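Per this note's numbering, residue 8 is the first one in the sequence shown, and the count goes up by one each step.
Take a look at the structure below.
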Amino acid sequence: MDWGAILGNTLGYLLSPVTIAYALAATGLAVHFGYAGLLNFGMAGFMALGGYGYAISVLSFGLPWWGGMLVGLALAALFAIILGVPTLRLRADYLAIVTIAAAEIVRLLFTTQLFDEWTNSADGLGGYHEGFRGANPFPEGTYGFGPWEWNQDGLWVRVFGLILLAAAILLVWALMRSPWGRVLKGIREDEDAVRALGKNVFAYKMQALVVGGVIGAAGGIVYVLPSAVVPSSYTTSLTFFLWTILLLGGAATIFGPSLGAVLFWMVMALLGNLLPELAQAGILPMTDIQAGTLRYILVGVALMLIVIFRPQGILGDKREMTFVK
């Protein structure tokens, strides 16, 4: 087995755009669930709106890259309002069903040929990178070392993504230390008690849905910066991965989503490279394809064990746990 290649591919995910994008989206999900207690299973919809809003704005309407990003974030905020008005008064399990259905509706809208002129339906969109890459402050060349070696465009995507992630973490940290954040945590624990104090619980939930959705859309933008935006990327598995990341790192934590994203994708990369190699060597009695699928089973079992034995996550505090009624 080529351990050098296996470890190199695994370590490469430490600063991968995919890892950064999922860390951003999981940070938004932490606002929804970890701090507000909203059981949102529709984060894939927010990411899709961020990515498609950016790509369509640049390709079809000729906006600059930063303008396209603002459009993607605005669409996510609008989607949060449209989604939240009829659903935020629902019980947690009903909210989960509605949000996962809403995310699927968003994905199918981008898949249908009705909007083919703008979305290119199931084939997705590409070729929107010129403006973003034109703003690259790094001269042409190769940067980094070992598994962390990229050209100027790869470095620019990572630096920009890390800047967005740092801004999101700082925003969440500031909000949760503010009176607004303390009210939000109170709603998570007992919204009836908060309502009895004269607070507008619905308004706070809506604000949390918007803030978390916009952060998730930022993750969706980073996700499509290196390559293309394709509707098949926004299936329910994306949302389930985000929940795994959130629960792994800690739902009501500032850095938990980022840590969870790094660990999740490094483990996925390690298993994705190691298991097929073991199958080829005859150590595992299965084909390469079956070995590749086995990693999802192992990750699922790991998630079950985390929920059973450490439900607060790696960085979580058990006193911050909330049991959604």
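Backbone N, C-alpha and C fix where the C-beta goes; we use that ideal spot for every residue, glycine too.
Being a predicted model, the structure only gives us computed values, none of them experimental.
Could you pull out every residue in the same chain whose Cβ sits closer than 6 angstroms to the Cβ of residue i, ignoring the five residues on either side in sequence?
{"i": "K332", "result": "Caution is warranted here: a pLDDT of 42 is assigned to K332, below 50, making its placement in the model unreliable, and the coordinate value is therefore given only provisionally. So no residue of the chain qualifies."}
{"i": "G79", "result": "G57, G60, Y61, A224 and I228"}
{"i": "L36", "result": "M50, L249 and L253"}
{"i": "L77", "result": "none"}
{"i": "S265", "result": "A30"}
{"i": "G75", "result": "Y61, S64 and V65"}
{"i": "R202", "result": "V208"}
{"i": "I304", "result": "none"}
{"i": "I112", "result": "none"}
{"i": "K325", "result": "Q319"}
{"i": "I290", "result": "none"}
{"i": "T17", "result": "M273, A276 and L277"}
Thinking C-beta only, is residue j closer than 8 angstroms to residue i?
{"i": "A83", "j": "G226", "result": "no"}
{"i": "I261", "j": "W180", "result": "yes"}
{"i": "Y215", "j": "L85", "result": "One detail in the question is off: residue 215 reads as Ala in this sequence, not Tyr. No, they are not a contact pair."}
{"i": "T246", "j": "I107", "result": "yes"}
{"i": "T243", "j": "A51", "result": "yes"}
{"i": "M275", "j": "R317", "result": "no"}
{"i": "V208", "j": "G168", "result": "no"}
{"i": "Y42", "j": "G220", "result": "no"}
{"i": "N143", "j": "D123", "result": "no"}
{"i": "Y20", "j": "W272", "result": "yes"}
{"i": "V237", "j": "I88", "result": "no"}
{"i": "G15", "j": "P154", "result": "yes"}
{"i": "A298", "j": "A286", "result": "yes"}
{"i": "A175", "j": "T34", "result": "yes"}
{"i": "Y241", "j": "R114", "result": "yes"}
So, for residue i: in the same chain, excluding its five sequence neighbours on each side, which residues have a beta-carbon less than 8 angstroms away from its beta-carbon?
{"i": "G320", "result": "L253, L254, L255, G256, G257, A258, T260, G263, G267 and I313"}
{"i": "I353", "result": "There is simply no residue 353 to check, as the chain begins at 8 and stops at 332 in what is shown."}
{"i": "V308", "result": "none"}
{"i": "A200", "result": "G193"}
{"i": "T294", "result": "A286"}
{"i": "A81", "result": "G60"}
I'd like the list of long-range same chain contacts for residue i, defined as Cβ closer than 7 angstroms, with 5 residues on each side in sequence excluded.
{"i": "G138", "result": "V65, P71 and W72"}
{"i": "T329", "result": "Only weak support is given to the placement of T329: the predicted model assigns it a pLDDT of 49, under 50, and the value that follows is read from those uncertain coordinates. G44, R195 and E196."}
{"i": "L232", "result": "P24, F139 and V164"}
{"i": "G323", "result": "G257, A258, A259, T260 and G263"}
{"i": "A235", "result": "G131, L132 and G133"}
{"i": "Y211", "result": "V190, L191 and I194"}
{"i": "E198", "result": "V208"}
{"i": "N158", "result": "T149"}
{"i": "T119", "result": "S128"}
{"i": "M311", "result": "none"}
{"i": "L121", "result": "none"}
State the CB to CB distance for the pair residue i and residue j, rounded to an integer number of angstroms; the pair is presumed to be in contact (CB under 8 angstroms).
{"i": "A32", "j": "L249", "result": "5 angstroms"}
{"i": "A55", "j": "F117", "result": "6 angstroms"}
{"i": "I63", "j": "W125", "result": "5 angstroms"}
{"i": "M213", "j": "L95", "result": "6 angstroms"}
{"i": "V306", "j": "T26", "result": "Contact flag wrong, Cβ pair sits at about 15 angstroms."}
For residue i, write down the residues that DSSP places opposite it in a beta bridge.
{"i": "F152", "result": "W155"}
{"i": "L132", "result": "V236"}
Less than 7 angstroms between the CB of residue i and some heavy atom of the ligand ADP, yes or no?
{"i": "V306", "result": "Looking for the ligand ADP in the displayed structure turns up nothing, as the structure carries no ligands at all."}
Under a CB-based cut-off of 8 angstroms, is residue i close to chain D?
{"i": "M183", "result": "Absent from the structure: chain D. Only one protein chain is present."}
Quiz item: Which residue spans inside the segment 37 to 124 form an unbroken alpha helix (DSSP H) run of at least 4?
Solution: 50 to 68, 72 to 94 and 99 to 118
Self-check item: Inside the segment 288 to 328 only - alpha helix (DSSP H) runs reaching at least 4 residues
Solution: 295 to 316
Quiz item: Which residue spans inside the segment 214 to 283 form an unbroken alpha helix (DSSP H) run of at least 4?
Solution: 243 to 256
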